[in-house]
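Visitor:
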Amino acid sequence: MTEENLKELRKQITVVFRKFSVNPHHTPFKREQDRNLAGRFIDRLNNSSFDTGSLPYFSKDGLAVKPSKVECVFALMCNAVTSYWAIVSEDAGLSGAYEACLKIHLAKLDKVYNEFDKLKLLGDAKGYCLFESQREDLYSKESKSEDKEGTK
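Its first residue numbered 7, the sequence shown is counted upward by one per residue in the working numbering.
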């Protein structure tokens, strides 16, 4: 992927993330601390290298650890950033799949921004999310791994 394409991806992500961090009157984040943290995700896009340890709310499966709608948004933001960095660091063969994932994450964040008060917190001890599709993905992965273990 060319630098120009990566710049365009960063721009798309930044536009979505700024919705949550810039205007305190039109964001679902009521606390300034949360808005500032949303802004820190933008910084992660512009680093010269990527380290998941420096990313707040890193989650491999995109689920929040605590039962909080705001933390669910942070988990989605984290997934968007990790998808971007996967595109940057992967070979060209997989970048299309990561781009598709990134577009899904950004669409979910747009939906969260527009419908935050209507969305319900979903989850259990495995993690929390705002979209049923995230739970379905998690449970389908678990059932596939159990099927593999059962056939051994």
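Just so it is clear, CB atoms sit at the ideal spot from N, CA and C, and this is done for glycine as well.
#1: Got a sec? Which residues, its chain only, sit under 8 Å from Val73 by beta carbon, not counting five neighbours each side?
#2: In the DSSP assignment, what are the bridge partners of Leu128?
#3: Measure the beta-carbon distance from Leu51 to Ile19 and round it to whole angstroms, keeping in mind my assumption that it falls under 8 Å.
#4: Hey, Phe35 and Phe26: beta-carbon distance below 9 Å or not?
#5: How about Ala106 and Val79: are their beta carbons less than 9 Å apart?
#6: Can you find the residues in the same chain that come closer than 6 Å, C-beta to C-beta, to Asp153, ignoring five residues on each side of it along the sequence?
#7: Run the CB neighbour count on Ala139, radius 10 Å, all protein chains shown included, and call it buried at 16 or more, exposed below.
#8: On a Cα-Cα basis, can you pick out the residue from Phe137, Val71 and Arg37 that is closest to Asp116?
Guide: Reading from the atomic positions:
#1: Along the sequence shown, one-based indexing puts residue 73 at 67. The question names Val, but residue 73 in the sequence shown is Pro. The beta carbon of Pro73 sits closer than 8 Å to those of Leu127, Gly129 and Tyr134, all from its chain and outside the five residues before and after it, given in chain order.
#2: Taking the first residue of the sequence shown as 1, we reach residue 128 at position 122. Answer is Cys135, bridged to Leu128.
#3: Walking along the sequence shown from the start, residue 51 turns up at place 45. Walking along the sequence shown from the start, residue 19 turns up at place 13. Correct: roughly 6 Å between the Cβ atoms.
#4: Sequence index remark: in the sequence shown, residue 35 carries index 29 (1-based). Sequence index remark: in the sequence shown, residue 26 carries index 20 (1-based). Their beta carbons are under 9 Å apart, which means Phe35 touches Phe26 by this criterion.
#5: Indexing the sequence shown from 1 puts residue 106 at position 100. Indexing the sequence shown from 1 puts residue 79 at position 73. Taking 9 Å as the Cβ cut-off, Ala106 and Val79 do not qualify as a contacting pair.
#6: Your numbering for residue 153 matches position 147 in the sequence shown. The predicted position of Asp153 is uncertain, since its pLDDT is 49 and thus under 50; no value can be drawn from it.
#7: Residue numbering aside, residue 139 sits at position 133 when the sequence shown is read from its first letter. The amino acid at residue 139 is misidentified as Ala; the sequence shows Ser. Exposed, because fewer than 16 other Cβ atoms sit within 10 Å of the Cβ of Ser139.
#8: Within the sequence shown, numbered from 1, the residue matching residue 116 stands at position 110. Nearest of Phe137, Val71 and Arg37 to Asp116, Cα basis: Phe137.
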